[in-house]
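> One structure, as structure tokens, below. Some questions next.
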Amino acid sequence: MGTQNLIMQCRTVLLLIHELHLRGYQRLRGIPAMEPSGKYWRCAIAPVSLVSVHHGARLVADVRKDPRIATYTSRDQNRYFQWTDIYPYASPKELAILFVERFPEVAEAGRGSDWPYAGWYMEMLRLTHPDLFPYAVAKGKVPCTYLPTASPAEHRRKVRIALPPPGEALTRRESLPGVRESLFPSLHRVPLSAMRRLAG
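As structure tokens, this is what we get:
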């Protein structure tokens, strides 16, 4: 697989997500990662409801097999999402149309506006043009304060990408505040002895 073909195919996937945003699916996010071997780049497309509140480019750990996630890997080259019946040089616009048709559950979960993320995404496309690819997960340690980049092009200077806005998902070990706590947020902080003194 030639380097230029690899760059074009991975870039097409990034641009596909931008096309989905233009079509009203701004709540879809790209979740970029390096495969454990370090040889292939992959990008999951998932709704913000599955993206961690602690890191805007990572899924929470307990949703990996959720049907609202579609994943491309550069291992598949131009067989995007393992589709074998499409034109090998399909444009991002053409792929966006097919994506909505073939992944209706993913698309529907990502329908709606998310201008902070869509704006961040356009800036990321600019910073990584033409042959850099961000990643948030890899076999080695990946920083939690920015997205590093990789490139198959030789001698390409890497850049650091600011993190996207946080997602909306909590892990199962975490929980949102209960109704009582959200209505009376200070009650649980008052010691019992102080409450007894107030009661007389």
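Just so we're aligned, residue -18 is where the sequence shown starts under the working numbering, counting upward by one. Backbone N, C-alpha and C fix where the C-beta goes; we use that ideal spot for every residue, glycine too.
1) Roughly how many angstroms separate the alpha carbons of residue 80 and residue 87, rounded to a whole number?
2) 9 Å is my cut-off, CB to CB: does residue 117 come that close to chain B?
3) With DSSP collapsed to three states, give me the class of residue 78.
4) Measuring CB to CB, does residue 145 end up less than 9 Å from residue 70?
5) Taking only the alpha-carbon atoms, compute the straight-line gap between residue 29 and residue -15 and give it to the nearest angstrom.
6) Per DSSP, which one or two residues make a beta bridge with residue 18?
7) Unbroken beta strand (DSSP E) runs of length 3 or more, entirely within the stretch 33 to 61: which are they?
8) With DSSP as the reference, identify every bridge partner of residue 26, one or two as the case may be.
9) On the criterion of 16 or more Cβ atoms from any shown chain inside 10 Å, does residue -10 qualify as buried, or is it exposed?
10) Sort -7, -3 and 9 by Cα distance to residue 92 and report the nearest one.
Working from what's here:
1) One alpha carbon belongs to residue 80, the other to residue 87, and they sit about 9 Å apart.
2) Protein chain content of the structure displayed is limited to a single chain, and chain B is not contained in it.
3) The answer is helix: DSSP assigns residue 78 an H, G or I state.
4) Going by C-beta atoms, residue 145 is not nearer than 9 Å to residue 70.
5) Straight-line measurement puts the Cα of residue -15 at about 31 Å from the Cα of residue 29.
6) DSSP output for residue 18 lists no bridge partner at all.
7) Restricting attention to beta strand (DSSP E) runs no shorter than 3 residues, the stretch 33 to 61 encloses them at 51 to 54, ordered along the chain.
8) DSSP output for residue 26 lists 11 and 51 as bridge partner(s).
9) Counting Cβ neighbours within 10 Å, residue -10 comes out buried, since at least 16 surround it.
10) Selected option, being the one with the closest Cα: 9.
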